[in-house]
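Start counting the sequence shown at 7; every next residue gets the next number (the working numbering). Take a look at the structure below.
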Amino acid sequence: MIKCVNISKTYESGSIKTAALQNVSFEIKSGDFVAIMGPSGSGKSTLMHILGALDTPTSGEYFLDGKNVADLSDDELADIRKLKIGFVFQSFNLLPRSTVLRNVMLPLVYAEIPEKNANL
Numbered sequence: 007m008i009k010c011v012n013i014s015k016t017y018e019s020g021s022i023k024t025a026a027l028q029n030v031s032f033e034i035k036s037g038d039f040v041a042i043m044g045p046s047g048s049g050k051s052t053l054m055h056i057l058g059a060l061d062t063p064t065s066g067e068y069f070l071d072g073k074n075v076a077d078l079s080d081d082e083l084a085d086i087r088k089l090k091i092g093f094v095f096q097s098f099n100l101l102p103r104s105t106v107l108r109n110v111m112l113p114l115v116y117a118e119i120p121e122k123n124a125n126l
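Structure representation (structure tokens):
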């Protein structure tokens, strides 16, 4: 389902280069339960942004369901984020004028899943 091969990410600010990830390789199969853990600054958020198709690696390959994510169009990436990947951000990013239920249901609206099928 998820396969990363030598994923690296380097951020540049002027002449300063910061390596957030260096040659990370792993595979997560359907049904696997994994946790990404490490100290602050170890690249967890960078890796999650790459896995969530929010950012691209500087080098290496990321395959999702057998497809190289680098080969996908912006529309295909948006569909992946809409239908296959769920996010729980540290800052929650909730809509303040909506109820908790509406906030939870919002991804279902984008995925065009009828409320009767939402199992709420």
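Ideal Cβ positions, reconstructed from N, Cα and C, are used throughout, including at glycine. Quick caveat, the model's predicted, so the values are computed rather than measured.
May I ask you to report which of helix, strand or coil DSSP gives residue i?
| i | result |
| --- | --- |
| N109 | helix |
| K73 | strand |
| T52 | helix |
| L101 | coil |
| L57 | helix |
What residue range is occupied by the uninterrupted alpha helix (DSSP H) comprising residue i?
| i | result |
| --- | --- |
| E18 | Per DSSP, E18 belongs to no alpha helix (DSSP H); it is in the beta strand (DSSP E), I8 to S19. |
| L70 | That residue, L70, is in no alpha helix (DSSP H); its beta strand (DSSP E) goes S65 to L70. |
| I86 | D80 to L89 |
| I119 | Segment: none, I119 is in no alpha helix (DSSP H) and carries neither H nor E. |
With residue i as the anchor, note down where its beta strand (DSSP E) starts and where it stops.
| i | result |
| --- | --- |
| A25 | I22 to I34 |
Less than 8 Å between the CB atoms is what I'm expecting for residue i and residue j, so what's the real figure, rounded?
| i | j | result |
| --- | --- | --- |
| T64 | T24 | The pair is not a contact, with the Cβ atoms about 11 Å apart (cut-off 8 Å). |
| S36 | M7 | 5 Å |
| I91 | G58 | 5 Å |
CB-CB under 8 Å to residue i, same chain, minus the five flanking residues each way: which ones, in chain order?
| i | result |
| --- | --- |
| N74 | E67 and Y68 |
| A124 | M111 and L114 |
| S14 | A25, L27, Q28, N29, V30, P63, T64, S65 and G66 |
| N12 | N29, V30, S31, S65, G66 and E67 |
| E121 | M111 and L114 |
| L101 | R108, N109 and L112 |
| T52 | K15, A26, L27 and D61 |
| S104 | L112 |
Tell me which residues share the same chain as residue i and place their Cβ nearer than 7 Å to its Cβ, disregarding the 5 neighbours each side in the sequence.
| i | result |
| --- | --- |
| K9 | E33 and F69 |
Smallest Cα separation from residue i: which of the options?
| i | options | result |
| --- | --- | --- |
| D61 | G72, F98, G47 and A76 | A76 |
| R87 | K50, D38 and I56 | I56 |
| F93 | E118, S79 and N109 | N109 |
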